[in-house]
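Here's the structure, in structure tokens; my notes come after.
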Amino acid sequence: MKRISIISSLVARCWTKRARKRLAAFGLASTCLLSACAPKFDEGEEVVQEKGSKEQEAVIPKYNISDSHYRVILPFKPSGARGQVVNDLNTRLDVDEFETGLMRLASEQFSPDDYLFQEGQYLDGETVGKWLARKRTNSQLKEEKMKPEDNIGLNPPISDTGTNEQKNKQSPIYLASILEHDYLVKVDNDKVRLGGVAIGLALNSVHYYSTEQGYPREVKIKDDVIEREGKRIAAEVLKRLRNIKGLGSVPITIALYKQAPRSSVTPGHFFAVTHIDEGSSTIDKWEAVNEEYYLFPSDEAEENHRDDWLKFNNFKSDVEDFFPNYTGIVGKGLYVNDQLQKLTINMTIPFYGKAEVIGFTQYVTGLVMEKFPDYITVNVYISSAGQPESLIVREAKANEPFVHIYQ
Numbered sequence: 010m011k012r013i014s015i016i017s018s019l020v021a022r023c024w025t026k027r028a029r030k031r032l033a034a035f036g037l038a039s040t041c042l043l044s045a046c047a048p049k050f051d052e053g054e055e056v057v058q059e060k061g062s063k064e065q066e067a068v069i070p071k072y073n074i075s076d077s078h079y080r081v082i083l084p085f086k087p088s089g090a091r092g093q094v095v096n097d098l099n100t101r102l103d104v105d106e107f108e109t110g111l112m113r114l115a116s117e118q119f120s121p122d123d124y125l126f127q128e129g130q131y132l133d134g135e136t137v138g139k140w141l142a143r144k145r146t147n148s149q150l151k152e153e154k155m156k157p158e159d160n161i162g163l164n165p166p167i168s169d170t171g172t173n174e175q176k177n178k179q180s181p182i183y184l185a186s187i188l189e190h191d192y193l194v195k196v197d198n199d200k201v202r203l204g205g206v207a208i209g210l211a212l213n214s215v216h217y218y219s220t221e222q223g224y225p226r227e228v229k230i231k232d233d234v235i236e237r238e239g240k241r242i243a244a245e246v247l248k249r250l251r252n253i254k255g256l257g258s259v260p261i262t263i264a265l266y267k268q269a270p271r272s273s274v275t276p277g278h279f280f281a282v283t284h285i286d287e288g289s290s291t292i293d294k295w296e297a298v299n300e301e302y303y304l305f306p307s308d309e310a311e312e313n314h315r316d317d318w319l320k321f322n323n324f325k326s327d328v329e330d331f332f333p334n335y336t337g338i339v340g341k342g343l344y345v346n347d348q349l350q351k352l353t354i355n356m357t358i359p360f361y362g363k364a365e366v367i368g369f370t371q372y373v374t375g376l377v378m379e380k381f382p383d384y385i386t387v388n389v390y391i392s393s394a395g396q397p398e399s400l401i402v403r404e405a406k407a408n409e410p411f412v413h414i415y416q
């Protein structure tokens, strides 16, 4: 039997523990929805967090929302570079994928079963800002009255001569953002310490600049150049990390992310990762990461993943045939090693009553179960007039979906 829960904000407070945990597992948005029902964190395990010679009391949450998520040590400590990623990347899609994708890759080295998560505590906003800057030439240092020791930008210098177009085409900005995640491990019954660090380096696929007259221009960066510059920058970042107190000997994972252009309706993707052993200051090898997002429907999806494109179009046609008020449906598919792993579908419908919402959601739920293979996680967000109406989640290998009607 498919289950549909019609829940008001008051009734949500009385949800069972099992229902709360299932909804939380489907993402941060769902977690926020039921924040009033979340377990009290003071029921967690109290530990002492070691950082250098300092010790601080902390709490490990007693409950985890799913096996694939890390438990976050409390109280939550925001990164010193908090907000930097949001300002540096082109779209909100890239911001979300950069962070969650880095966690996904780090989990291969730092298992959620054994490690706790904490936002980066070693790279502050000032340091990250200096690293993201362009390297200055000697004349630029003198003109800007800048100290040589502060000239630590990881992006190439720009020439003092030529037009803006000439200079930017010759030296585009490659590195867009740096993200640090820390992973803690228990060493005794009541102590945790840093067990590893993951660093994400977001690289531009397009460099944007302006002419002397203020007209916007852009330079596309070839994939081989992105990879070459990303690996060059990663080697330098590793050396600098090893010189930071507390990071001299911990294992480090560095992942390279190609961010999408500003006009893209899908996020970018990670394309390479390396794991550095504790104490090592050199990168011995890189592993290719075969991940990519596709928009449905699109010519690219039809060309590269025709079977999935046909399934989506059949799903879309069935929705259109049954509900004449249908107005829009788009999908975003995550492919790992050329296999569709997750499909997120957004649907906008001009509903005229709650009964219509319920009937439509029931029908779409049936289509999700019938049209898409069970190895795919499918999330369907149904909205009307800018507000959410219902949510359908069918996890991979699940026998039944989770469905929620918003009140």
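Residue numbers for the sequence shown, in the numbering used here: 10 to 416. C-beta atoms are modelled at their ideal positions from N, C-alpha and C, and glycine is treated no differently.
Beta strand (DSSP E) segment containing residue i, residue limits
i, result
"Gly-239", "Looking at the DSSP string, Gly-239 is not in any beta strand (DSSP E); the run it does join, the alpha helix (DSSP H), is 232-251."
"Gln-396", "396-403"
"Ile-367", "Taken as a continuous stretch (DSSP letters only), Ile-367 belongs to no beta strand (DSSP E), being part of the alpha helix (DSSP H) at 363-380."
"Phe-411", "411-415"
"Leu-304", "300-305"
"Val-328", "No beta strand (DSSP E) holds Val-328; the alpha helix (DSSP H) holding it covers 315-331."
"Tyr-217", "215-219"
Residues sharing a beta bridge with residue i, DSSP
i, result
"Ala-115", "Paired residue(s): none; Ala-115 is not in a bridge."
"Met-356", "Ile-338, Ile-391"
"Tyr-224", "Tyr-224 pairs with nothing; no bridge assigned."
"Tyr-192", "Phe-126, Gly-205"
"Asp-197", "Lys-200"
"Phe-279", "Tyr-266"
"Thr-100", "Its beta-bridge partners do not exist; DSSP assigns none."
"Arg-271", "DSSP output for Arg-271 lists no bridge partner at all."
"Leu-184", "Leu-212"
"Ile-261", "Val-206, Ile-285"
"Leu-349", "Tyr-344"
"Lys-254", "Answer is none; Lys-254 lacks a bridge partner."
"Lys-229", "Val-215"
From the options, residue whose alpha carbon lies closest to that of residue i
i, options, result
"Tyr-131", "Asp-122, Asn-173, Leu-203, Ser-180", "Leu-203"
"Ile-187", "Arg-237, Lys-195, Asp-97, Glu-236", "Asp-97"
"Asn-346", "Tyr-224, Gly-129, His-314", "His-314"
"Lys-267", "Glu-106, Pro-87, Val-328", "Glu-106"
"Ile-210", "Val-196, Val-274, Glu-245, Arg-271", "This sequence places Leu at residue 210; Ile is not what is there. Selected option, being the one with the closest Cα: Glu-245."
"Gly-138", "Val-94, Thr-172, Glu-174", "Val-94"
"Ser-290", "Leu-250, Gln-348, Phe-280", "Leu-250"
"Glu-3", "Glu-174, Gln-175, Lys-176, Thr-136", "The displayed coordinates of the chain run from 10 to 416. Any statement about residue 3 would go beyond what the structure contains."
"Val-104", "Ile-261, Gln-371, Arg-145, Phe-279", "Phe-279"
"Tyr-192", "Thr-262, Asn-323, Met-378, Thr-100", "Thr-262"
"Glu-189", "Tyr-79, Tyr-183, Ala-407, Leu-111", "Leu-111"
"Val-373", "Glu-329, Gln-348, Gly-171, Gln-175", "Glu-329"
"Asn-408", "Ile-385, Glu-398, Ser-214, Asn-323", "Ile-385"
"Val-339", "Phe-321, Gln-350, Gln-348", "Phe-321"
"Gln-348", "Asn-299, Ile-354, Asp-133, Glu-365", "Asn-299"
"Leu-256", "His-284, Ala-281, Gly-288, Ser-399", "Gly-288"
"Tyr-79", "Leu-125, Ser-214, Ser-168", "Leu-125"
"Ile-354", "Ser-399, Gln-175, Lys-195, Asn-213", "Ser-399"
"Thr-146", "Thr-220, Pro-87, Glu-174, Pro-166", "Pro-166"
"Asp-123", "Val-81, Gly-134, Ala-90", "Val-81"
Opening and closing residue of the alpha helix (DSSP H) in which residue i lies
i, result
"Gly-134", "134-141"
"Ile-167", "Unbroken run through Ile-167: none, as it is neither H nor E."
"Ser-148", "147-152"
"Lys-294", "From DSSP, Lys-294 is part of no alpha helix (DSSP H); its letter is neither H nor E."
"Glu-287", "Counting along the chain, Glu-287 falls outside any alpha helix (DSSP H), and DSSP gives it neither H nor E."
"Lys-176", "173-179"
Rounded separation between residue i and residue j - CA only
i, j, result
"Lys-30", "Phe-411", "The predicted model places Lys-30 with a pLDDT of 36, which falls under 50 and marks its position as unreliable, so this point remains unresolved."
"Trp-295", "Ala-185", "21 Å"
"Leu-83", "Lys-240", "34 Å"
"Ala-34", "Leu-265", "Reliability of the predicted coordinates at Ala-34 is poor, the pLDDT of 35 falling under 50, and the value obtained from them is presented with this limitation in mind. Between Ala-34 and Leu-265, the C-alpha separation is close to 27 Å."
"Phe-50", "Asp-286", "For Phe-50, the predicted structure reports a pLDDT of 38, less than 50, and the residue's modelled location is therefore unreliable. The matter cannot be settled from this model."
"Asp-327", "Gly-368", "14 Å"
"Arg-113", "Lys-325", "30 Å"
"Leu-102", "Ser-307", "18 Å"
"Ile-253", "Gly-129", "13 Å"
"Tyr-217", "Asp-197", "50 Å"
"Gly-375", "Ile-401", "10 Å"
"Gly-277", "Tyr-302", "7 Å"
"Leu-19", "Val-389", "In this predicted model, Leu-19 has a pLDDT of only 28, less than 50, meaning its place in the structure is not dependable; the value taken from the coordinates is given anyway. Going by the C-alpha atoms only, they are around 24 Å apart."
"Asp-383", "Arg-403", "8 Å"
"Ala-115", "Val-387", "24 Å"
"Asn-177", "Val-377", "48 Å"
"Lys-406", "Lys-156", "58 Å"
"Leu-319", "Met-356", "18 Å"
"Trp-140", "Ile-235", "17 Å"
"Ala-281", "Asn-99", "20 Å"
"Thr-275", "Lys-144", "31 Å"
"Gln-416", "Ala-243", "48 Å"
- [ ] Decide if the stretch 153-162 is in contact with the stretch 211-226; the criterion is three or more beta carbon pairs, one per stretch, under 8 Å apart.
- [x] Taking 8 Å as the limit for Cβ pairs, the verdict is that the stretch 211-226 does not touch the stretch 153-162.
- [ ] Taking 8 Å as the threshold, find out whether the stretch 293-308 comes into contact with the stretch 144-153 through three or more Cβ pairs.
- [x] Contact between the stretch 293-308 and the stretch 144-153 is absent, because fewer than three Cβ pairs lie under 8 Å.
Open item on the list: Is it the case that the stretch 345-363 contacts the stretch 386-402, given that we only count it when at least three CB pairs across the two stretches are under 8 Å?
Closed with: Segments in contact, yes.
Open item on the list: Across the stretch 108-120 and the stretch 189-208, are there enough close Cβ pairs to call them in contact, namely three or more that are closer than 8 Å?
Closed with: Taking 8 Å as the limit for Cβ pairs, the verdict is that the stretch 189-208 does touch the stretch 108-120.
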